[in-house]
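If you're matching positions, the sequence shown starts at 122 in my numbering and goes up one per residue.
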Amino acid sequence: MKQAKDIHESIRWQDMTPGCEIYEGGTSLLTRTGEWRVVTPQWLKDKCKQCLLCTPFCPDSAIPVRDSRRQDFDYDHCKGCGICAKVCPFSAIEFKEEV
122 MKQAKDIHES IRWQDMTPGC EIYEGGTSLL TRTGEWRVVT PQWLKDKCKQ
172 CLLCTPFCPD SAIPVRDSRR QDFDYDHCKG CGICAKVCPF SAIEFKEEV
């Protein structure tokens, strides 16, 4: 425990980066942010036409695509913002409250 304290005390405040600033894109992939959700997207496969319009609009890259086909949500990273459902022309995405 003493070693960790010594390390933290050796860092000068001038050398620390300011909080709440984004220095590069795609940082959400490094952190599992899905637990922030209050609503969960549900992919309705039978309504989906694989237009892939939802994927570029997802700010967290939480809609994976393999072999040119959309896959189910990456719930580790989806924050439940709802953008994907708004852009889906086939109403293939619904949202349910978290339980």
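Even glycine gets a Cβ: it sits at the ideal position worked out from N, Cα and C.
So, with DSSP's three-state summary, where would you put residue i?
i       : result
Gln-135 : helix
Ile-184 : coil
Lys-207 : helix
Thr-176 : helix
Gly-155 : helix
Could you pull the DSSP bridge partners for residue i from this structure?
i       : result
Thr-161 : Lys-217
Arg-191 : Val-186
Measure the CB-CB distance between residue i and residue j and report whether it falls below 7 angstroms.
i       : j       : result
Leu-174 : Arg-191 : no
Phe-194 : Ala-183 : yes
His-198 : Gly-155 : yes
Report the CB separation of residue i from residue j in whole angstroms; it is logged as a contact under 8 angstroms.
i       : j       : result
Gln-163 : Lys-217 : 6 angstroms
Arg-153 : Lys-200 : That pair is no contact at about 11 angstroms.
Lys-166 : Ser-212 : Not quite, the Cβ-Cβ distance comes to about 13 angstroms (not below 8 angstroms), so this is no contact.
Thr-161 : Glu-219 : 6 angstroms
Phe-178 : Ile-204 : 5 angstroms
Using the Cα positions of residue i and residue j, report the straight-line distance between them to the nearest angstrom.
i       : j       : result
Asp-181 : Asp-136 : 29 angstroms
Cys-202 : Ser-189 : 24 angstroms
Arg-133 : Pro-210 : 52 angstroms
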